[in-house]
Structure formats: C-alpha cells, structure tokens
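A.B. asks: Every position in the sequence shown, counted from 1, becomes a number in the working numbering once 1 is added.
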Amino acid sequence: MEIAFFVMMGWCGTKYPGWRPWKNPHPHPDPEPWIYTVLVLSIIAGVAGGTLFRNAIMENQFFAGQNAIASGLAAFASSGIVTGLASLTKR
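Here it is in structure tokens:
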C-alpha cells in the first residue's frame with residue numbers, strides 16, 4: 002500500500018510546464034507527448050524518494066506514528082524537484 006501511495010504522490014507532484022493556477026488549469030491544445038515521459042519520471046522519483054525517506058526514518062523516534070505522512074511528503078517533494086529539473090531541460 003505504501004508503494005501505491007508513493008505512486009499517487011509522485012503523480013500529484015508532477016510539474017506541468019505552462020500550467021498556471023491563475024489561468025485555465027488545463028492548457029489548450031493538450032500538452033505535447035513528451036509529458037508522458039515526465040509523468041513516468043515523476044512516478045519513479047516519487048516511489049524512490051518515498052521509499053528512501055521511509056527507510057531513513059524507520060527507527061527515528063521523531064517521526065513516530067507519522068512515517069506514512071512524512072514519506073508521502075518526501076515522495077511529493079522529490080517528484081516535484083525531479084520533474085521541475087526535467088522540464089527545464091526541455092526548454
């Protein structure tokens with residue numbers, strides 16, 4: 002279940018280029034096909050970031066009872082960072 006949670010957090014952490022919250026949230030025309038590569042990359046980064054963070058804090062008492070939440074935030078952040086860097090290379 003944790004892996005599925007990390008996949009969802011990685012998907013949600015994807016930075017879509019050209020999408021701005023103060024404008025229409027879905028650009029027209031649809032994004033180019035390379036965005037699917039970025040989606041796969043964000044899912045992989047989310048799973049890797051969440052799993053590595055979970056393994057790092059497994060025995061830490063500071064995160065007692067909050068391992069899933071903290072690992073989910075790490076998965077979200079890692080996918081956001083990786084896809085942000087990937088979208089910069091596209092430009």
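All residues carry an ideal CB built from backbone N, CA and C; glycine is no exception.
Values in this document were obtained by computation on a predicted structure and should not be read as measured data.
Along the alpha helix (DSSP H) that carries Phe54, what are the first and last residues, could you check?
C.D. replies: Ile36 to Ala57 is the span of the alpha helix (DSSP H), which, as asked, contains Phe54.
A.B. asks: Am I right that Ser43 and Thr90 are in contact with their C-beta atoms under 8 Å? What's the rounded C-beta distance?
C.D. replies: About 14 Å separates the two Cβ atoms, so there is no contact after all.
A.B. asks: Please go through the same chain and pick out, in chain order, the residues whose beta-carbon is closer than 6 Å to the beta-carbon of Ala76, but skip the five residues on each side of it.
C.D. replies: Around Ala76: Phe7, Met10, Gly11, Gly47, Gly50 and Gly51.
A.B. asks: Sort Cys13, Ala78, Ala5 and Ala87 by Cα distance to Phe54 and report the nearest one.
C.D. replies: Phe54 has its Cα closest to that of Ala78, out of Cys13, Ala78, Ala5 and Ala87.
A.B. asks: Counting C-beta neighbours from all protein chains within 10 Å, is the total for Thr38 16 or more, i.e. buried, or is it exposed?
C.D. replies: Looking at its Cβ environment, which holds fewer than 16 other Cβ atoms inside 10 Å, Thr38 is exposed.
A.B. asks: What would DSSP say about Ala69, mapped onto helix, strand or coil?
C.D. replies: Correct three-state label for Ala69: helix.
A.B. asks: Which value, in whole angstroms, describes the spacing of the CA atoms of Ser88 and Asn61?
C.D. replies: Between Ser88 and Asn61, the C-alpha separation is close to 35 Å.
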